[in-house]
Structures are given as C-alpha cells and as structure tokens.
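Letter 170 of the sequence shown, counting from 1, is numbered 170 in the UniProt record's numbering, and no numbers are missing. No residue lacks a Cβ here, since even glycine has one placed at the ideal position from N, Cα and C. The model shown is predicted, which means the values in this text are computed figures rather than measured ones. Below is one structure, written out as structure tokens, with a few remarks after it.
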Amino acid sequence: MPIDAKSRVMMKITGLLVNMMIRLEPRYHDYVVIENRKRVIYVRVLRAIYGMLEASMIWYKKLRGDMEKHGFIFNPYDGCIANKIVNGKQQTIRFHVDDLLSSHIDPKVNDDFCEWVNQKYGSIKPVKSKQGKIHEYLGMTLDFSKRGKVKIRMDDYVNRMLNEFPVKFKENEGCTTPASNDFLSIGKGEKLDDEKHETFHTFIAKGLFLSKRARLDIAPTISVLSTRVQKPNQTDWKKLVKLMYYLNGTKRMHLTLSAKDLRTFKWYIDASFAVHPDFRSHTGGVLTMGEGGLQIILKKQKLNSPSLTEAKLIGVDDAATQILWTKLFVEAQGYSVEENILYQDTNKSSILLKRMDVIVPESKAEL
Numbered sequence: 001m002p003i004d005a006k007s008r009v010m011m012k013i014t015g016l017l018v019n020m021m022i023r024l025e026p027r028y029h030d031y032v033v034i035e036n037r038k039r040v041i042y043v044r045v046l047r048a049i050y051g052m053l054e055a056s057m058i059w060y061k062k063l064r065g066d067m068e069k070h071g072f073i074f075n076p077y078d079g080c081i082a083n084k085i086v087n088g089k090q091q092t093i094r095f096h097v098d099d100l101l102s103s104h105i106d107p108k109v110n111d112d113f114c115e116w117v118n119q120k121y122g123s124i125k126p127v128k129s130k131q132g133k134i135h136e137y138l139g140m141t142l143d144f145s146k147r148g149k150v151k152i153r154m155d156d157y158v159n160r161m162l163n164e165f166p167v168k169f170k171e172n173e174g175c176t177t178p179a180s181n182d183f184l185s186i187g188k189g190e191k192l193d194d195e196k197h198e199t200f201h202t203f204i205a206k207g208l209f210l211s212k213r214a215r216l217d218i219a220p221t222i223s224v225l226s227t228r229v230q231k232p233n234q235t236d237w238k239k240l241v242k243l244m245y246y247l248n249g250t251k252r253m254h255l256t257l258s259a260k261d262l263r264t265f266k267w268y269i270d271a272s273f274a275v276h277p278d279f280r281s282h283t284g285g286v287l288t289m290g291e292g293g294l295q296i297i298l299k300k301q302k303l304n305s306p307s308l309t310e311a312k313l314i315g316v317d318d319a320a321t322q323i324l325w326t327k328l329f330v331e332a333q334g335y336s337v338e339e340n341i342l343y344q345d346t347n348k349s350s351i352l353l354k355r356m357d358v359i360v361p362e363s364k365a366e367l
C-alpha cells in the first residue's frame with residue numbers, strides 16, 4: 001500500500017513478498033516488523049513501479065501537462081478528453097493511459113499530432129499510428145465507414161470468451177434471448193465449488209466489460225448476475241450458461257450509433273417494482289440521440305419502496321446524476337444542449353411527483 005510522505009513514496013510490503021525479499025537479500029531481515037501478527041517491511045520507492053497508482057498518476061500529469069502546453073484544453077467533466085481548435089475546427093483527443101485516439105476533419109492535423117507525440121516520447125519507443133475509417137481501440141473495433149454512423153464491434157472479444165468458457169457449444173448455435181423470465185429470482189441449488197465460483201466471477205466481469213461497450217443487449221442479464229458473484233448457486237450457473245449460449249449465436253451482433261440532432265438528448269428511464277428477493281426494485285434506463293443506446297443505466301435500487309410510484313421516482317433519482325453529467329460534458333465539448341428529455345412513464349402519480357404538481361397540505365403543528 002503506497003503511503004505519501006512529503007516528496008517521498010513509501011510502500012508497505014506484506015505476505016510472501018517479505019520472505020522473497022529476505023531470500024534475495026538477507027540483510028532485509030533486520031527491517032522486518034510485526035503488525036497484527038504479520039511480518040511487514042516498509043521500503044522507500046526510488047522509481048515509479050508499473051502498476052502502482054503513483055506511476056499512473058505521474059504519467060497522467062506528464063501527458064496532460066505536455067498537451068496543455070501544446071494548446072489543448074481538457075474537459076472538466078472527463079480528465080481524459082482534451083480539445084483544441086486547429087484551422088477553425090475542433091480536434092479532440094481521447095486517451096486511456098498511453099492509447100490515444102485523435103479526430104479532426106483534416107487528416108493532416110492528426111498526422112501533425114502524431115509527429116508531435118513522437119517528438120515528445122519517441123526516444124523511448126517509436127509511436128505507432130493508424131489512419132482510416134476503421135480502428136482497433138481498447139478492445140473495440142470502431143467502424144466509421146458509413147457516413148454519420150459508427151459501428152462498435154467486439155467480435156474477437158466474444159470469441160475469446162466462448163473459447164475460454166468451460167461449456168462448449170456448436171458453431172452458430174444459440175438462443176433468441178440472453179435470459180429467461182425468471183432471471184431475477186435467486187433460484188435453488190447448491191453453492192458453486194471454488195473453481196466454478198471463480199469461473200462464474202471471471203465471466204461476469206468479462207460480460208460487464210462487453211455490455212458497457214458493444215453489447216448493450218446483455219446488460220440487464222449481467223446487471224442481475226453481478227449481484228450474485230459473492231454466493232452463486234447452480235441456478236446462477238445455468239443462467240450464465242444461457243447467456244454464453246446466446247452470445248454463441250449472436251457473435252457478430254454489434255452496436256450502431258448515430259445522432260439526428262446533437263442538441264437533443266432522449267432518456268428513457270423506468271423501474272421494475274419489487275422484483276428482487278429482498279423486495280427491492282430495479283432501475284433501467286438508456287440515452288439515445290437517434291440510433292442506438294449511448295449510455296445505459298441498470299442498477300438494483302438501494303431503498304425498499306412501498307409502491308410502484310416511489311420505485312419509479314427512485315429510478316429517476318438513480319439516473320439524475322448521469323443525466324446531469326452527460327449534459328455538462330457535452331456542453332464542455334462545445335455543443336449547446338437545448339433539450340434533455342425524459343420519456344416513457346405511464347404512471348400518473350409518479351409523473352405528478354416529478355413535476356412537483358402534488359398539493360401538500362400545510363401542517364398545523366406549532367413548534
């Protein structure tokens with residue numbers, strides 16, 4: 001665990017690493033202390049170690065500082081998005097650690113940016129770049145071949161999941177839905193053994209990564225199964241197998257996004273009442289600007305609600321932060337949001353509550 005000490009970085013080493021250090025250098029034995037009946041060594045870090053939070057932060061500050069000196073302005077609502085006006089048009093850089101994605105209407109601007117990056121960091125390792133309509137980025141295939149649309153594919157990722165999954169399926173065999181009607185129930189059966197439990201946890205995590213990007217269709221199922229990773233049973237395992245069976249038959253399914261109007265957001269928020277075994281409700285929502293879902297909201301509600309009306313109201317509250325953040329983020333990108341619309345609520349009482357049209361009688365109590 002890294003500990004800040006003014007300009008120094010101290011690290012606490014425990015467990016097997018203590019024994020390994022002593023074997024490599026016996027004199028470290030004199031620096032061992034006992035904490036909570038465990039052997040511990042405190043060391044001072046002389047260089048940034050890959051994987052440490054400090055190493056990531058040092059790199060981020062370096063890259064951000066260099067980009068700001070180069071004229072980029074960072075979006076205050078996402079520290080990994082930067083913009084710069086070049087030749088009267090906006091250039092946008094998105095990055096995850098050292099993977100950068102640059103876009104500008106003029107391809108030469110992207111070439112110039114790549115050249116600048118090579119000048120700054122090429123002495124360590126030449127920076128590679130690719131231009132065109134199709135890009136591989138962070139496990140996704142981004143296809144801009146069709147004007148006004150982007151297709152997000154993760155075919156290779158799905159194939160790797162299926163190859164690694166212990167249950168094998170026939171080629172292109174699958175089912176029409178990722179879950180059955182009872183996917184919200186806990187079900188019966190013995191708890192999974194340690195090996196199966198670990199496999200269950202691993203593939204729910206892989207599915208979560210997939211559902212947030214190219215396969216929003218599996219998001220409701222993953223959202224529910226992720227609440228079961230601590231104590232999964234045989235029924236949960238069957239639900240995971242069904243999900244993988246569905247993926248096997250829909251390997252090439254992808255997400256297509258397009259926007260009819262950059263100034264209009266349409267949010268669809270709803271809630272399912274008391275669908276969990278502890279009688280809590282579930283919030284679901286999606287944002288669209290034309291074709292495809294840009295963002296999804298799926299979460300088990302943290303409050304027990306006595307009625308569908310309150311469950312829907314809690315659902316809107318669950319989504320409120322994301323709705324507001326999205327508006328502020330897009331405005332910081334230079335676009336004016338004229339309409340941020342909430343749709344699809346047929347419950348009259350919850351509509352009145354959202355509009356604050358409910359008449360509340362004044363209390364006659366005196367303090």
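Take the Cβ of residue i as the centre, count every other Cβ of all protein chains shown within 10 Å, and call the residue buried at 16 or more, exposed below.
i: Val320; result: Per the sequence shown, residue 320 should be read as Ala rather than Val. Label assigned to Ala320: exposed.
i: Ile73; result: exposed
i: Asp203; result: It should be noted that the sequence gives Phe, not Asp, for residue 203. Classification for Phe203: buried.
i: Ile218; result: buried
i: Pro126; result: exposed
i: Met10; result: exposed
i: Tyr246; result: buried
i: Ile134; result: exposed
i: Asp278; result: exposed
i: Gly284; result: buried
In whole angstroms, what is the alpha-carbon distance linking residue i and residue j?
i: Glu25; j: Lys170; result: 54 Å
i: Met67; j: Val337; result: 27 Å
i: Arg37; j: Asp98; result: 41 Å
i: Asn87; j: Ile93; result: 16 Å
i: Tyr31; j: Thr14; result: 12 Å
i: His254; j: Met20; result: 47 Å
i: Gln295; j: Trp59; result: 29 Å
i: Leu17; j: Glu173; result: 47 Å
i: Leu342; j: Ile314; result: 14 Å
i: Asn340; j: Val43; result: 52 Å
i: His201; j: Leu287; result: 28 Å
i: Asn248; j: Leu162; result: 7 Å
Where DSSP assigns a beta bridge to residue i, which residues make up the other side?
i: Gln90; result: Ile85
i: Leu101; result: Arg94
i: Gly322; result: The amino acid at residue 322 is misidentified as Gly; the sequence shows Gln. For Gln322, which the question treats as bridged, DSSP gives no partner whatsoever.
i: Lys149; result: Ser258
i: Tyr343; result: Tyr268
Compute the distance between the beta-carbons of residue i and residue j, then report whether it is under 8 Å.
i: His104; j: Gln91; result: yes
i: Val224; j: Leu184; result: yes
i: Lys12; j: Val40; result: yes
i: Asn233; j: Lys191; result: yes
i: Lys300; j: His276; result: yes
i: Leu138; j: His96; result: yes
i: residue 368; j: Gly290; result: Residue 368 lies beyond the range of the chain shown here (1 to 367); nothing can be said about it.
i: Leu243; j: Ser226; result: no
Checklist entry - Of all the alpha helix (DSSP H) runs that stay within the bounds of the region 214 to 269, which reach a length of 4 or more residues? => result The alpha helix (DSSP H) runs of length 4 or more contained entirely in the region 214 to 269 are, from start to end of the chain, 219 to 225, 234 to 249.
Checklist entry - Considering only residues of the region 107 to 137, which uninterrupted beta strand (DSSP E) runs meet the minimum length of 3 residues and lie entirely inside it, listed in chain order? => result Counting only runs of 3 or more, we get 134 to 137.
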